[in-house]
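A.B. asks: Below is a structure I'd like to ask you about.
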């Protein structure tokens, strides 16, 4: 079946602009995670959605970052007033949490964001 | 907070030889998971192997095996019979067993020499 997809694959934006990054998880996966991979900070957790529960936003670096998940499926990560330090690869992952739930997260190919 | 440390930024191995990647972690939890992920230049993160903390037996997946030392909080990965396709960045990761949020190490770049 289809894996996790992310769009766009690459995004170049000017400092101060807003950007939206999209993640389509594997069908039936109720858990969804966003991570950021940057040269300075390595791989870090950003936000976690589980079903209809309130998201765990503990990893978001500032209030310029927000994310939503509509209908328990597609998720959008929004960065407002982008800064150069936001340049990174943003990875999305999903996980099955039903009967015989799995520990494994399936990752998408990521979106490379470059802020000029 | 959990921290994961990979002290080897780069490792090089001859094709068909064995290489061991080191990882240590810090946690106060008793129930958790440890993982090794592979990230080739395509950026796609691929799960290589995982270990449940409550299991004493070391996990093995084909040519990949781990040495899990719970008391020492050490979790090394051994790649046997290295192949050119093993060249990638390898990340050690930790998660609790409730939400599975991953904490990653800095990564080790593995180069395989033909």
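Protein chains in written order, with this note's numbering: chain A, -17 to 98; chain B, 23 to 136. For glycine and all other residues, C-beta sits at the position ideal for the given N, C-alpha and C.
Kindly list, in the order they appear in chain B, the residues whose Cβ is closer than 8 Å to that of residue 71/A.
C.D. replies: 65
A.B. asks: Are there 16 or more other CB atoms within 10 angstroms of the CB of residue 76/B, so buried, or fewer, so exposed?
C.D. replies: exposed
A.B. asks: Using a Cβ-Cβ distance under 9 Å, would residue 94/A count as near chain B?
C.D. replies: yes
A.B. asks: Could you tell me the alpha carbon to alpha carbon distance between residue 55/B and residue 39/A, rounded to whole angstroms?
C.D. replies: 21 Å
A.B. asks: Answer with yes or no whether the minimum CB distance from residue -16/A to chain B is below 9 Å.
C.D. replies: Interface with chain B (9 Å Cβ-Cβ cutoff): residue -16/A is excluded.
A.B. asks: In chain B, what lies closer than 8 Å to residue 91/A by C-beta?
C.D. replies: Per Cβ cutoff of 8 Å: 64, 65, 66.
A.B. asks: Among residues of its own chain, excluding the 5 on either side of residue 142/B, which ones have a beta-carbon nearer than 7 Å to its beta-carbon?
C.D. replies: With chain B running from 23 to 136 in the structure shown, residue 142/B is simply not present.
A.B. asks: Per DSSP, what kind of secondary structure is residue 67/A in: helix, strand or coil?
C.D. replies: helix
A.B. asks: Cβ of residue 49/A less than 9 Å from any chain B Cβ?
C.D. replies: no
A.B. asks: Report the neighbours of residue 75/B on chain A: residues whose CB is nearer than 8 Å to its CB, in chain order.
C.D. replies: What residue 75/B touches in chain A: nothing, since even the nearest Cβ is about 12 Å away.
A.B. asks: What distance in whole Å lies between the Cβ atoms of residue 42/A and residue 28/A, which are believed to be in contact at a cut-off of 8 Å?
C.D. replies: 6 Å
A.B. asks: Counting Cβ pairs closer than 8 Å, one from the stretch 97 to 109 of chain B and one from the stretch 73 to 88 of chain B, do we hit at least three?
C.D. replies: yes
A.B. asks: Would a C-beta distance cut-off of 9 Å place residue 116/B and residue 26/B closer than the cut-off?
C.D. replies: yes
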